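This report refers to the structure that appears directly beneath it.
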Amino acid sequence: MKSEPTDQDLILCRRCQRGDINALEELYRRHKDKVYAIALRLTNNVQDAEDIVQDVFVQVFRKIGDFREEAAFTSWLYRVATNIALSALRRRKRRWGMEVGQKPGAPEEGRRSETGKILKPFLEEAIAALPPRARLIFVLHDIQGFQHNEIAGMLDCSEGTSKSQLHKARAQLRKNLRPRLNMIADLSDVMLEKA
Amino acid sequence: MGCATIKKRLWEYASGKLSPERASEVEGHLDRCPRCREALGQIRLLSAASRALAETPLKKDLWPGIQQRILTPAEPAPARRRRPAPLSGWRSRLSWAMGAASLLLILLIAGHELRSPGPQAPAVPTQTRLPEDARSDIELARQHYERSAQALETIVAHRSQDIDLDQALLYRDKLQQLETVISECSQALQNNRYDVRAQQTLFNAYDQKISTLREMAVVASYPSP
């Protein structure tokens, strides 16, 4: 007999395991934004990211019996999400000879800072050009704020792999964005002098 | 400490993850090295831009689509077919012989089934329906099951004296267990009509009940000597 869970996600999971679709709706409302953010950054396309969110929550309902409560529900959820997003990337590459996101139509979202505002479209483009694995780890670590041990758990890889892929992604991004970064840095200096 | 070592630590320094000792080492180097200061400036810009990308709320409500996909039965994916390796010599002849034997067996079984018609299993809905129709479909399937079960129960009741007593008691226990499952699942579906597991268990129980009744009817028709 399982003990009564206190964590809200766990309570909802157990209801889901009994076939309660209303519990899945609550899980969707709680986690949709983060799943969407991961999918959007990986695919760089709103429609593809929305399709992935749908696939993720359908899959969660069908596979909820596989969730063993050994780790947090969110770790399992993001693992499902990253697997589905990577499959989508592979499928698109196989079918069209290009990856999801290598087409125009980058999304418009809120921006945090002025520099982020200027750099955002270039950064989105540069992230989309990264190899899938390095891109995924950059998105999870530098954008979504996951730690290497969490990423290793999600992707079934070692922490060392996660670190080396992140290093590779950051180096490539800096290399590809160097002219833009220098330009923005100069612009910031001019703005500071004027202020 | 050289630029190569410092550059490896700049990301951690920019995000404040370095220990105070390591951070002061990096700061000491930055005071002297314009190239590493430039690199740090780039890293800070990249970090700020990356954090800004995290703020991406989902604007569309995708729940209706998710709900519809869950409640609509999925169509079976077409199986992948492999081209069989060409057979030669005795294998080819054996393959033809086995095919012919299988066909003969199917015809014999079909002929037997046509001569002795039994109660029909309910038709499984194959068309994709909207979720609003799902409830009425489930009700329809239940009615079919109930009718088939009743017809079989009538047959079994007429021939019950031909079944061995021990065997009859076993059948009775099994049927009672299945009745309990059917009753519990029906109750669960009244509380939550979307309870997919309850639906699956209910129809499994109905399947087993009908199989058991059929078996009883056959055993009663052909009692062991």
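Sequence order for the protein chains is U and B.
Every number in the numbering used here is 114 more than the matching position in the first sequence, counting from 1.
Every number in the numbering used here is 439 more than the matching position in the second sequence, counting from 1.
C-beta: ideal position from N, C-alpha, C; glycine also.
Please read these numbers as outputs of a predicted model, since none were measured by experiment.
Within its chain, find whatever has a CB closer than 7 Å to the CB of residue i; leave out the 5 residues flanking it on each side and keep chain order.
i, result
"U:Phe-171", "Leu-138, Tyr-142"
"B:Ile-594", "Ala-656"
"U:Asn-263", "Glu-273"
"B:Gln-481", "none"
"B:Trp-450", "Ile-482"
"B:Ser-454", "Ser-486"
"B:Leu-652", "Ala-588, Leu-591, Glu-592, Val-595"
"U:Gln-216", "For U:Gln-216, the pLDDT reaches just 41, beneath the cut-off of 50, and the residue's location in the model is therefore unreliable, although a value from the coordinates is still provided. Cβ within range, chain order: Ala-242."
Report all residues from its chain with a CB closer than 8 Å to the CB of residue i; omit the five preceding and five following residues, and keep chain order.
i, result
"U:Ile-251", "Ile-265, Leu-269, Ser-276, Gln-279, Leu-280, Ala-283"
"B:Gln-606", "Val-658"
"B:Asp-634", "Ala-627, Leu-628"
"B:Cys-665", "No answer is possible for residue 665 of chain B: the residues shown for chain B start at 440 and end at 664."
Which word fits residue i, buried or exposed, when buried means at least 16 other C-beta atoms lie within 10 angstroms of its C-beta?
i, result
"B:Thr-444", "exposed"
"U:Asp-256", "buried"
"U:Leu-244", "buried"
"B:His-468", "buried"
"U:Gly-274", "exposed"
"U:Asn-159", "buried"
"B:His-597", "exposed"
"B:Arg-611", "exposed"
"B:Ala-539", "exposed"
"B:Gln-589", "exposed"
"U:Ser-201", "exposed"
"U:Leu-126", "buried"
"U:Glu-184", "exposed"
"B:Glu-578", "exposed"
"U:Gln-261", "exposed"
"U:Leu-238", "It is Glu, not Leu, that sits at residue 238 of chain U in the sequence shown. Classification for U:Glu-238: buried."
"B:Glu-618", "exposed"
"B:Asp-470", "exposed"
"B:Lys-447", "exposed"
Would residue i pass as an interface residue toward chain B - the criterion being a Cβ-Cβ separation below 8 Å?
i, result
"U:Val-194", "no"
"U:Ile-178", "no"
"U:Ala-151", "yes"
"U:Lys-289", "no"
"U:Lys-234", "yes"
"U:Lys-282", "no"
"U:Leu-126", "no"
"U:Arg-205", "no"
"U:Gln-279", "no"
"U:Ile-310", "The question about residue 310 of chain U has no answer here: the residues shown for chain U are numbered 115 through 309."
Would you mind telling me which residues of chain U sit closer than 7 Å to residue i, beta carbon to beta carbon, in chain order?
i, result
"B:Asn-643", "None at all; the shortest Cβ gap to chain U is about 14 Å."
So that I know if they touch, is there some Cβ in chain U lying closer than 8 Å to that of residue i?
i, result
"B:Tyr-452", "no"
"B:Pro-503", "no"
"B:Arg-461", "no"
"B:Arg-508", "yes"
"B:Leu-608", "no"
"B:Pro-496", "yes"
Which residues in chain B have a C-beta closer than 8 Å to the C-beta of residue i? List them in chain order.
i, result
"U:Leu-237", "Leu-485, Ala-488, Ser-489, Leu-492"
"U:Leu-314", "There is simply no residue 314 of chain U to check, as chain U begins at 115 and stops at 309 in what is shown."
"U:Ile-257", "Ser-489, Arg-490, Leu-492, Ala-493"
For residue i, which residues in chain U fall below 9 Å Cβ to Cβ?
i, result
"B:Ala-412", "The question about residue 412 of chain B has no answer here: the residues shown for chain B are numbered 440 through 664."
If you measure from the CB of residue i, is any heavy atom of the ligand ZN nearer than 7 Å?
i, result
"U:Gly-179", "The ligand ZN is absent from the structure shown, which contains no ligands of any kind."
Applying a beta-carbon distance threshold of less than 8 Å, which residues of chain U neighbour residue i?
i, result
"B:Ile-649", "Near B:Ile-649 there are no residues of chain U at all, since even the closest Cβ is about 24 Å away, more than 8 Å."
For the candidate residues the options, whose alpha-carbon lies nearest to that of residue i?
i, options, result
"U:Leu-156", "U:Cys-130, U:Ala-248, U:Arg-129, U:Ser-189", "U:Ala-248"
"U:Ala-195", "U:Gln-122, U:Leu-233, U:Ala-240, U:His-145", "U:His-145"
"U:Ile-152", "U:Gln-122, U:Asn-290, U:Leu-254, U:Ala-240", "U:Leu-254"
"U:Gly-259", "B:Leu-479, B:Ala-487, B:Ala-478", "B:Ala-487"
"B:Gln-507", "U:Gln-122, U:Phe-175, U:Phe-187, U:Asn-290", "U:Phe-175"
"U:Phe-236", "U:Glu-140, U:Arg-288, U:Tyr-192", "U:Arg-288"
"B:Ser-650", "B:Ser-622, B:Leu-591, B:Arg-476", "B:Leu-591"
"B:Lys-613", "B:Arg-490, B:Lys-648, B:Arg-586, B:His-583", "B:Lys-648"
"U:Pro-293", "B:Glu-460, B:Asp-646, B:Cys-442, B:Ala-478", "B:Ala-478"
"U:Leu-124", "U:Phe-187, U:Ala-285, U:Lys-234", "U:Phe-187"
"U:Ile-298", "B:Pro-473, B:Leu-484, B:Cys-442", "B:Leu-484"
"B:Glu-494", "U:Pro-246, U:Ala-240, U:Lys-234, U:Arg-205", "U:Lys-234"
Which same chain residues end up closer than 6 Å to residue i when comparing Cβ atoms and leaving out the 5 residues on each side of it in sequence?
i, result
"B:Lys-499", "none"
"U:Ile-198", "Ile-166, Asp-169, Val-170"
"U:Cys-130", "Ala-137, Leu-138, Ile-178"
"U:Leu-295", "none"
I'd like to know whether the C-beta of residue i is nearer than 8 Å to at least one C-beta of chain D.
i, result
"U:Asp-121", "This model lacks chain D altogether, as its protein chains are U and B."
Please list, in chain order, the chain B residues whose beta carbon lies closer than 7 Å to that of residue i.
i, result
"U:Phe-171", "Ile-505"
"U:Phe-181", "Going along chain B, no residue has its Cβ under 7 Å from U:Phe-181, so there is no contact; the nearest lies around 15 Å."
"U:Phe-175", "Ile-509"
"U:Glu-164", "Lys-499, Leu-501"
Find the residues of chain B that neighbour residue i, judging by a C-beta separation of less than 9 Å, and give them in chain order.
i, result
"U:Gln-261", "In chain order: nothing, as chain B lies at least about 10 Å away."
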